[in-house]
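Heads up: the sequence shown begins at 323 in the working numbering, then just goes up one per residue.
Glycine included, each C-beta is placed from N, C-alpha and C at the ideal position.
From a predicted model like this one, the values you see are computed outputs, not experimental measurements.
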Amino acid sequence: PGRVLPTTVWSDVLSAADPEHPHYSECLDRLVRAYWKPVYAYVRTAWHKNVEDAKDLTQAFFAHVLEHDYFARMRPEKGSFRGYLKRALKHFLIDADRADRARRPPQPLIPLEMAPEEVERIGARAGGDTPEKAYDREWFRTVFHAAVDKVGQDLEKEGKGVYIEVFRAYCLDQLLPASSTETPAPEAPTYRQVAERLRLDNTQVRHYLSVCREKLRNVLRDLIRDYASSDEEADRELELLLQG
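Structure (structure tokens):
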């Protein structure tokens with residue numbers, strides 16, 4: 323649940339901008355839980371902070387966003403939520419002295435807990451990696467994970483759980499952004515290997531993969547459209563994601 327995106331991001335943004343809204347706390351919690359990892363990735367890359375300092379600065383950023391009513395200023399016509407949040411973070415970090423003094427708020431918004439392998443994955447990358455690339459990579463990874471989860475849930479409801487098993491076995495390691503820019507993705511197994519593993523034939527594997535890829539693209543576009551400012555921007559964002 324911590325990585326599943328809100329169904330309608332802009333609805334949550336508008337609700338999180340109004341403390342009097344009946345779903346204010348719920349919407350705010352969903353937004354922060356869904357999007358803190360891209361912020362954390364930017365902070366670690368830009369400031370070369372250790373894990374705890376990067377967590378503190380991430381908490382401080384979201385506290386800053388709330389304190390200065392950033393959500394109240396966000397509108398779809400002003401651009402994507404992804405871009406708006408990244409610009410807000412960039413401005414927050416411009417003042418190096420202020421950023422260096424930032425500490426975790428007295429009441430943290432969410433627990434920023436990660437497994438050791440997750441810490442390593444979101445940590446510093448190969449030379450030449452920029453904060454913007456780290457942020458976008460983690461954002462798109464979050465969207466991709468959410469889309470795969472949604473496709474899997476839909477197929478399970480249709481009694482087609484084996485479809486997503488085939489997809490995960492054949493595609494997932496190759497489609498997810500690599501954990502390191504220096505570590506190549508593992509080679510994809512062959513249709514025959516997947517078929518033997520899941521006791522299917524090659525024709526079934528090919529068909530199941532085709533169904534999953536089409537569903538995944540449609541779900542990805544729906545998720546991206548929720549935080550993009552237009553259909554055209556959603557299409558551009560989708561192409562960027564699929565290009566890795």
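Asked	Found
For R528, the three-state DSSP class (helix, strand or coil)	helix
Cβ neighbours of E478 in the same chain (closer than 8 Å, five flanking residues each side left out)	I486
Assigned secondary structure, L327 (DSSP; H/G/I helix, E/B strand, else coil)	Caution is warranted here: a pLDDT of 38 is assigned to L327, below 50, making its placement in the model unreliable, and the coordinate value is therefore given only provisionally. Of the three classes helix, strand and coil, the one that applies to L327 here is coil, per DSSP.
Option nearest K568 by Cα separation, candidates A550, K537, Y457, R547	Because the chain in this structure spans residues 323 to 566, residue 568 falls outside the shown range and cannot be described.
Inter-residue Cα distance where the pair is L350 and W461	18 Å
Same chain, Cβ closer than 7 Å to A368, five either side skipped, listed in chain order	L415, P453
Residues near L407 by beta carbon distance below 7 Å, same chain, minus five either side	Y357
CA-to-CA distance, A550 to S402, given in whole angstroms	4 Å
Between the CA atoms of R528 and R366 - distance to the nearest angstrom	41 Å
Coarse secondary structure for R547, derived from DSSP in three states	helix
Alpha-carbon to alpha-carbon, P360 and D451	14 Å
CA-to-CA distance, A469 to C534, given in whole angstroms	11 Å
Whole-angstrom distance between A491 and T512, CA atom to CA atom	10 Å
CB-CB length for V473 against L538, believed under 8 Å	5 Å
Cβ-based neighbour list, P499, same chain, cut-off 8 Å, excluding 5 preceding and 5 following	Unreliable positioning characterises P499 in this predicted model, as indicated by a pLDDT of 48, which lies under 50. A coordinate reading is not provided.
Rounded straight-line distance, which links the Cα of Y530 to that of V488	7 Å
DSSP-derived helix/strand/coil call for A385	helix
Residue burial classification, R395 (beta-carbon count within 10 angstroms, cutoff 16)	exposed
Nearest neighbour of L542, chosen from T525, S532, L563, E554 [CA to CA]	L563
Outcome for Q381 when other beta-carbon atoms lying within 10 angstroms are tallied against a minimum of 16	buried
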